[in-house]
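Input: a single structure, listed below in structure tokens.
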Amino acid sequence: MEHTLAEAAAAAGPAAPAGQDGLRSYLTDRSATVPTAGVGTLLGAARSLVGPRQRAAAKHLGTRLLAGRSTRRLRDLHASGQPLLLNLGSGTYNAPGWVNVDLWGLHALWGVHPDVVWDLRRPLPLPDGSVDAVFSEHVLEHLPAAVGLAAMDQAFRLLRPGGVVRVSVPDFGRWAADYADRRAGRASSPDLLDLVRPGRPTDLLALAEVVYDHGHVSVWDTDTMVALLRTAGFVDVAASAYGQGRVSPVPDAPHRAAESLYVEGVRPA
Ligand SMILES: C[S@@+](CC[C@H](N)C(=O)[O-])C[C@H]1O[C@@H](n2cnc3c(N)ncnc32)[C@H](O)[C@@H]1O
Numbered sequence: 006m007e008h009t010l011a012e013a014a015a016a017a018g019p020a021a022p023a024g025q026d027g028l029r030s031y032l033t034d035r036s037a038t039v040p041t042a043g044v045g046t047l048l049g050a051a052r053s054l055v056g057p058r059q060r061a062a063a064k065h066l067g068t069r070l071l072a073g074r075s076t077r078r079l080r081d082l083h084a085s086g087q088p089l090l091l092n093l094g095s096g097t098y099n100a101p102g103w104v105n106v107d108l109w110g111l112h113a114l115w116g117v118h119p120d121v122v123w124d125l126r127r128p129l130p131l132p133d134g135s136v137d138a139v140f141s142e143h144v145l146e147h148l149p150a151a152v153g154l155a156a157m158d159q160a161f162r163l164l165r166p167g168g169v170v171r172v173s174v175p176d177f178g179r180w181a182a183d184y185a186d187r188r189a190g191r192a193s194s195p196d197l198l199d200l201v202r203p204g205r206p207t208d209l210l211a212l213a214e215v216v217y218d219h220g221h222v223s224v225w226d227t228d229t230m231v232a233l234l235r236t237a238g239f240v241d242v243a244a245s246a247y248g249q250g251r252v253s254p255v256p257d258a259p260h261r262a263a264e265s266l267y268v269e270g271v272r273p274a
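The numbering used here numbers the first residue of the sequence shown as 6 and each following residue consecutively.
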């Protein structure tokens, strides 16, 4: 667990210096262009020239242009008769044994290619009930909640009866609980704020990073995720834990464990 917390802390970024100048330097650093970690400053410079809307538009255009190839790939996978396990929004983490699906983008810079390029806001070209399991990790917080529900409606349509959906997102409930415990003077030490987002000028600013950073547009806790899956029609909906649950091979990314919640549901017969 310590290993995964260290990775999560590294992904969350550096702490600001404490003290009176802390807030100014924190806000100044965050308003500056941050080069993409691990890819060098050239990409960082390119990103500063192209805004997030243009980048998103390029990803969606590239995805659209590859739709024919992706449709053929999905049909071949379906025709193979092998169990079909879909990892929706795979990013730079391709789950072994799963068909990893994501937008066209710059994942290749990390040496990672999705198996299928597809925009999850569009119906995947697979028959109803043709998929054995659906997994999605740290993706729904990048979608408005209503679009997240539509994605779970799609998972429900795709899954065969008895098929399992497994969803993981940052556990905003835990962050909020740590914040509330600190306000009430009953924080356990170290808590998630200490471990993953230490040294922020205030606790609220650490919490705000979880809400607004990385292109997040929705927040989730276990109750809300359970409600989402039930609303999409799933039964036996329950919280799960990292590395456990009803899907195999385990698709959970180790570096997500520390700050994630996991919920599973089953498509009824
Ligand atoms: C934070 S990354 C998570 C990647 C990986 N699942 C992980 O946990 O490391 C979110 C991923 O969701 C993908 N994504 C967001 N919106 C999408 C959409 N409409 N269609 C397909 N993928 C999408 C992004 O391209 C990105 O790779």
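For every residue, glycine included, the Cβ atom is placed at its ideal position computed from N, Cα and C.
A residue is called buried when at least 16 other Cβ atoms come within 10 angstroms of its Cβ; Y184 meets this threshold and is buried.
Leaving aside the five residues that flank G67 on each side, the residues in its chain whose CB is nearer than 8 Å to its CB run, in chain order, L108, W109, G110, V122. Relative to S95, the option among H118, D137, D186 whose CA is nearest is H118. In the DSSP assignment, E269 falls within the unbroken beta strand (DSSP E) covering 265-271. For the options A213, A243, E264, the alpha carbon positioned closest to that of L32 is the one of A213. Short note on R60: C-beta not closer than 7 Å to any heavy atom of ligand 1. Judged by DSSP secondary structure, L210 falls within the alpha helix (DSSP H) whose first and last residues are 208-217. Its Cα nearest to that of N92, the residue G102 stands out among H83, A84, G102. In this structure, DSSP gives G178 a helical state, which the three-state scheme calls helix.
Taking the Cα of W115 as reference, the smallest distance to any Cα among R202, N99, R126 is reached at N99. Under the three-state reduction of DSSP, R171 is assigned to strand. Between G167 and A244, the gap from beta carbon to beta carbon reaches 8 Å or more. A contact between stretches requires three or more CB pairs, one per stretch, nearer than 8 Å, and the stretch 139-150 meets this requirement with the stretch 160-175. DSSP lists V106 as the beta-bridge partner residues of L93. Shortest gap from the CB of W123 to any heavy atom of ligand 1: under 7 Å. In this structure D257 is buried. Its beta-carbon is surrounded by 16 or more other beta-carbon atoms within 10 angstroms. Assigned with DSSP and collapsed to three states, P57 falls in helix. Within its own chain, the residues whose Cβ lies closer than 8 Å to the Cβ of R187, once the five positions on either side in sequence are excluded, are D196, L198, D208, listed in chain order. Shown here, A72 sits in a helix according to DSSP, grouped into three states. Around the beta carbon of L70, a 10 Å sphere encloses fewer than 16 other beta carbons of the protein chains shown; the residue is thus reported as exposed. DSSP places D241 in the strand class (E or B) of the three-state scheme.
Where A138 is concerned, there is no enclosing alpha helix (DSSP H), although the beta strand (DSSP E) around it starts and stops at 136-142.
Relative to ligand 1, the beta carbon of E142 is positioned inside 7 Å of a heavy atom.
DSSP, read as helix, strand or coil, puts P254 in coil. Comparing alpha-carbon positions, the option among T76, V231, V242, P254 lying closest to V271 turns out to be V242.
When secondary structure is reduced to three states using DSSP, R165 falls in the strand class. The beta carbon of G250 sits closer than 7 Å to the beta carbons of R171, Y267, E269 from its chain, once the five residues preceding and following it are set aside; these are given in chain order.
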